[in-house]
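Residue numbers (the UniProt record's numbering): 1 to 388. Single-structure report; data block below.
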């Protein structure tokens with residue numbers, strides 16, 4: 001009787017695929033066998049074909065005919081986020097989830113992932129490769145990008161989840177369907193945007209350390225994906241601060257007091273500082289390597305930027321605390337240096353000066369967001385300013 005009651009709960013597992021004819025059959029068969037033998041709840045595996053141009057869709061329909069609890073849906077456009085939105089928004093399951101077709105994550109983590117959602121303990125659940133208990137095998141380049149991206153989320157967006165990009169997530173269906181109208185991205189940034197929106201509304205995110213092995217055949221363009229994610233972060237930050245994103249959940253965050261006046265002033269100072277940075281970087285680049293030019297240009301403009309924001313953005317007058325403000329402002333400078341230097345180090349050797357410039361502009365935009373939050377919440381915090 002108890003087993004029957006458990007089996008009436010339904011978990012939908014979406015596997016987004018694009019041109020995966022090589023791995024699809026073996027991965028779906030393995031997933032289906034594992035869930036049938038080990039998963040105590042009802043399940044459905046949905047293969048979401050993202051406009052594949054090889055035999056992926058044909059294989060998906062064959063698997064749907066051959067295996068119980070497997071179905072296939074076809075989309076005319078690419079995009080992992082688009083595939084998840086399409087399936088999750090129509091699902092009648094209790095919990096919706098997804099995992100990558102390469103099954104890089106150990107399937108033993110799937111029950112711990114969804115169980116807190118089915119009991120009502122949590123609203124969303126994510127696998128994390130960055131917890132101490134996780135065991136991960138991947139190259140140093142991917143490791144650096146992943147840790148840098150998640151550090152940026154924590155510093156710049158105040159995120160409390162540890163791993164935004166792991167392809168192993170689950171959401172209570174009613175929560176997913178409430179959040180989806182507020183998520184704009186249709187590609188790889190979809191996960192991050194969904195999690196940031198959930199945190200903004202005070203939802204509970206459960207994390208499960210996972211064992212994860214990198215797929216050597218992955219065709220993800222790491223640099224392009226990183227740049228797209230940075231652009232997505234800027235868009236989400238702008239929407240959050242303006243209060244543009246609205247979904248039917250309680251706990252919406254409002255624009256903090258005083259920020260409405262500070263943001264345009266900070267933006268003006270930032271535009272002037274960025275122009276000065278680009279001019280200085282371009283001049284220095286003629287005589288020194290890119291990393292040195294970037295460091296010097298950032299340092300000079302960071303000192304001027306801190307002084308300008310101190311006076312015009314945050315209204316601090318007089319010389320009191322100026323040295324401390326500059327010292328603490330250098331902490332924000334170091335964050336910017338890490339972001340921009342990291343972006344330069346990821347570029348292939350021999351790229352043009354124009355590509356270099358685009359990379360540092362994108363990274364500088366992310367560093368600017370982090371800088372504003374640090375200046376407002378720490379360096380020029382009125383509570384610290386008024387403390388004797």
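For glycine and all other residues, C-beta sits at the position ideal for the given N, C-alpha and C.
For residue i, which residues in the same chain have their Cβ closer than 7 Å to its Cβ, ignoring the five residues on either side in sequence?
| i | result |
| --- | --- |
| residue 162 | 128, 130, 131, 150, 207 |
| residue 34 | 107 |
| residue 93 | 10, 11, 12, 44, 173 |
| residue 305 | 269, 273 |
| residue 284 | 293, 296, 297 |
| residue 91 | 12, 173 |
| residue 180 | 85, 88, 89 |
| residue 19 | 52, 53, 54, 56 |
| residue 21 | 54, 55, 56, 59 |
Let me check understanding here. Comparing Cα to Cα, which of the options lies closest to residue i?
| i | options | result |
| --- | --- | --- |
| residue 371 | 274, 51, 125, 122 | 274 |
| residue 29 | 80, 103, 57, 88 | 103 |
| residue 135 | 115, 105, 125, 156 | 105 |
| residue 195 | 76, 211, 171 | 171 |
| residue 178 | 201, 186, 261, 144 | 201 |
| residue 71 | 57, 80, 82, 81 | 57 |
| residue 166 | 188, 158, 152 | 188 |
| residue 53 | 39, 75, 63 | 75 |
| residue 429 | 322, 325, 184 | The chain is shown from 1 up to 388; residue 429 falls before or after that span and cannot be answered. |
| residue 153 | 126, 39, 233 | 233 |
| residue 125 | 158, 133, 142, 209 | 209 |
| residue 203 | 160, 111, 326 | 160 |
| residue 229 | 186, 199, 328 | 186 |
| residue 141 | 379, 291, 19, 348 | 348 |
| residue 214 | 378, 138, 346 | 138 |
| residue 24 | 42, 40, 99, 82 | 99 |
Near residue i, what residues of its chain come up, given a Cβ to Cβ distance below 6 Å and the 5 sequence neighbours on each side ignored?
| i | result |
| --- | --- |
| residue 15 | 47, 101 |
| residue 96 | 12, 88, 171, 173, 176 |
| residue 265 | 312, 313 |
| residue 133 | 209 |
| residue 237 | 369 |
Using C-beta distances below 8 Å, list every residue in its chain close to residue i, excluding the 5 sequence neighbours before and after it, in chain order.
| i | result |
| --- | --- |
| residue 335 | 155, 367, 370, 371, 374 |
| residue 381 | none |
| residue 37 | none |
| residue 39 | 11, 110, 111 |
| residue 205 | 122, 123, 124, 125, 126, 160, 161, 195, 198, 199 |
Reducing DSSP to helix, strand and coil, say where residue i ends up.
| i | result |
| --- | --- |
| residue 192 | helix |
| residue 119 | coil |
| residue 124 | strand |
| residue 181 | helix |
| residue 140 | helix |
| residue 255 | Residue placement at residue 255 is poorly supported in this model, since its pLDDT is 42, which falls under 50; the coordinates still yield a value, given next. Here residue 255 sits in coil by DSSP. |
| residue 250 | Residue placement at residue 250 is flagged as unreliable, the pLDDT there being 44, under the threshold of 50; the coordinate-derived value follows with that caveat. Reduced to three states, the DSSP call for residue 250 is coil. |
| residue 78 | coil |
| residue 100 | coil |
| residue 73 | strand |
| residue 231 | helix |
| residue 213 | strand |
| residue 207 | strand |
| residue 170 | strand |
| residue 154 | helix |
| residue 129 | coil |
| residue 160 | coil |
| residue 135 | strand |
So residue i and residue j are supposed to be a Cβ contact under 8 Å. How far apart are they, rounded?
| i | j | result |
| --- | --- | --- |
| residue 313 | residue 262 | 5 Å |
| residue 49 | residue 60 | 5 Å |
| residue 32 | residue 69 | 7 Å |
| residue 192 | residue 164 | 4 Å |
| residue 115 | residue 168 | Contact flag wrong, Cβ pair sits at about 14 Å. |
| residue 379 | residue 329 | 6 Å |
| residue 316 | residue 310 | 5 Å |
Taking 8 Å as the cut-off, is the C-beta of residue i nearer than that to any heavy atom in the ligand COA?
| i | result |
| --- | --- |
| residue 314 | Ligands are entirely absent from the displayed structure, and the ligand COA is therefore not among its contents. |
Complete runs of the alpha helix (DSSP H) confined to the UniProt domain "GtrA/DPMS transmembrane" (265-380) [at least 4 residues]
290-308, 322-346, 353-374, all fully within the UniProt domain "GtrA/DPMS transmembrane" (265-380).
Alpha helix (DSSP H) runs contained entirely in the stretch 1-61, provided each spans 4 or more residues:
Those alpha helix (DSSP H) runs which fall completely within the stretch 1-61 and span 4+ residues are 2-7, 24-38.
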